[in-house]
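One structure is given here, and the rest of the page talks about it.
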Amino acid sequence: MMTKTIISTEKLCKTFSSGGNQQHVLKNLDISIAEGDFTVIMGSSGSGKSTLLYALSGMDKPTLGTIDFAGKNLAKLTQDQAAIFRRNHCGFVFQQIYLLDNMSVFDNILASGLLVTRNKQQLVKKAKALFQQVEIDEGSWSKFPTQLSGGEAQRVGIVRAIINKPKVLFADEPTGALNSAASENVLNVFTTINRAGQSIVLVTHDLKTAVRGNRILYLKDGVINGDLSLGHYHDCEDVERSDKLKHFLAEMGW
Numbered sequence: 001m002m003t004k005t006i007i008s009t010e011k012l013c014k015t016f017s018s019g020g021n022q023q024h025v026l027k028n029l030d031i032s033i034a035e036g037d038f039t040v041i042m043g044s045s046g047s048g049k050s051t052l053l054y055a056l057s058g059m060d061k062p063t064l065g066t067i068d069f070a071g072k073n074l075a076k077l078t079q080d081q082a083a084i085f086r087r088n089h090c091g092f093v094f095q096q097i098y099l100l101d102n103m104s105v106f107d108n109i110l111a112s113g114l115l116v117t118r119n120k121q122q123l124v125k126k127a128k129a130l131f132q133q134v135e136i137d138e139g140s141w142s143k144f145p146t147q148l149s150g151g152e153a154q155r156v157g158i159v160r161a162i163i164n165k166p167k168v169l170f171a172d173e174p175t176g177a178l179n180s181a182a183s184e185n186v187l188n189v190f191t192t193i194n195r196a197g198q199s200i201v202l203v204t205h206d207l208k209t210a211v212r213g214n215r216i217l218y219l220k221d222g223v224i225n226g227d228l229s230l231g232h233y234h235d236c237e238d239v240e241r242s243d244k245l246k247h248f249l250a251e252m253g254w
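Just so we're aligned, residue 1 is where the sequence shown starts under full-length UniProt numbering, counting upward by one.
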């Protein structure tokens, strides 16, 4: 069966100017990301990982090149058009969760969902199902974000990111601020929703996070230095899979 491409780039470049100097962060990237893939972007600090994520999601415009996202060239969208596109087609999970502290957990989700749909009854039903999927118990729905643990808050953040059924879920170091147990819970959620068909593009420097992806892109000095296919993750992480990733990263000089 042919795999459909959800995002593709051609000659993607991003340059930042500071004090008369130019820093070429992304250099002529040609990337194709398949629908349903769990794509992980890795690389050393300063390699351009987050810059690439922001470009692919329409959060930042490239300096040169094209980004085709579900038939739209993001590079040609105005700022307002890009904002509407992101709201309708993208979900975001960051290391900092950015939930609204003056709203309950449930209201945080509804506020995000109501940006796209006015069918509150349907939205409430969907939010409850997603909370159950990520194992946030009903007693926590009325809590405020400051009353949650880091892992709980991040799982709520995932619900907020997928409540509008995004074409792609983008994540930037989503487990970076979590302990090992909370990280494992969050990664299990990513695996579950990916198996259900959710396309994911995730930036990380963490091996246990990266091994959940089925494809690893390694950035070095703004170019794709390596591209590894791991296949889809199974419930029990096997040693061969981890060793394959470690060997690949060693070859990349990570």
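Built from N, CA and C at the ideal position, the CB exists for glycine as well.
At 3 residues or longer, what runs of the beta strand (DSSP E) sit wholly inside the region 11 to 42? 21 to 29, 32 to 34
In chain order, each beta strand (DSSP E) run of at least 3 residues that lies wholly inside the region 127 to 187: 168 to 172
Kindly identify the DSSP beta-bridge partner or partners of Tyr218. Against the sequence shown, residue 218 aligns to sequence position 218. Partner(s): Met42, Gly226.
Quick check on DSSP: helix, strand or coil for Asn194? Working through the sequence shown from its first residue, we reach residue 194 at position 194. It is helical.
Less than 8 Å between the CB atoms is what I'm expecting for Glu173 and Thr204, so what's the real figure, rounded? Mapped onto the sequence shown, residue 173 falls at position 173. Mapped onto the sequence shown, residue 204 falls at position 204. Indeed, because the Cβ distance is near 6 Å, the residues count as touching under 8 Å.
Since Gly91 sits in a beta bridge, which residues does DSSP pair it with? For the purposes of this step, residue 91 is taken as residue 91 along the sequence shown, with counting starting at 1. According to DSSP, which records beta bridges pairwise, Gly91 is partnered with Leu169.
Nearest to Phe248 (by Cα), restricted to the options Leu29, Lys76, Met42: Residue mapping note: residue 248 aligns to position 248 of the sequence shown, counting from 1. With distances taken between Cα atoms, Phe248 lies closest to Met42.
I want to know whether the region 151 to 166 touches the region 180 to 191 - three or more CB-CB distances under 8 Å. yes
Terminal residues of the alpha helix (DSSP H) in which Thr209 lies: On the sequence shown, position 209 is the one that residue 209 refers to. Unbroken alpha helix (DSSP H) run through Thr209: 207 to 210.
Sufficient close CB pairs (3 or more, under 8 Å) joining the region 155 to 171 to the region 112 to 122: yes
Rounding to the nearest angstrom, what Cα-Cα distance links Leu64 and Leu230 in this structure? Working through the sequence shown from its first residue, we reach residue 64 at position 64. Working through the sequence shown from its first residue, we reach residue 230 at position 230. Linking Leu64 to Leu230 through their CA atoms gives a straight-line distance of about 31 Å.
Could you check the C-alpha separation between Thr9 and Glu138 for me, to the nearest Å? For the purposes of this step, residue 9 is taken as the residue at position 9 of the sequence shown. For the purposes of this step, residue 138 is taken as the residue at position 138 of the sequence shown. Distance between the alpha carbons of Thr9 and Glu138: 42 Å.
Would you identify the three-state DSSP class for Thr51, choosing helix, strand or coil? On the sequence shown, position 51 is the one that residue 51 refers to. Correct three-state label for Thr51: helix.
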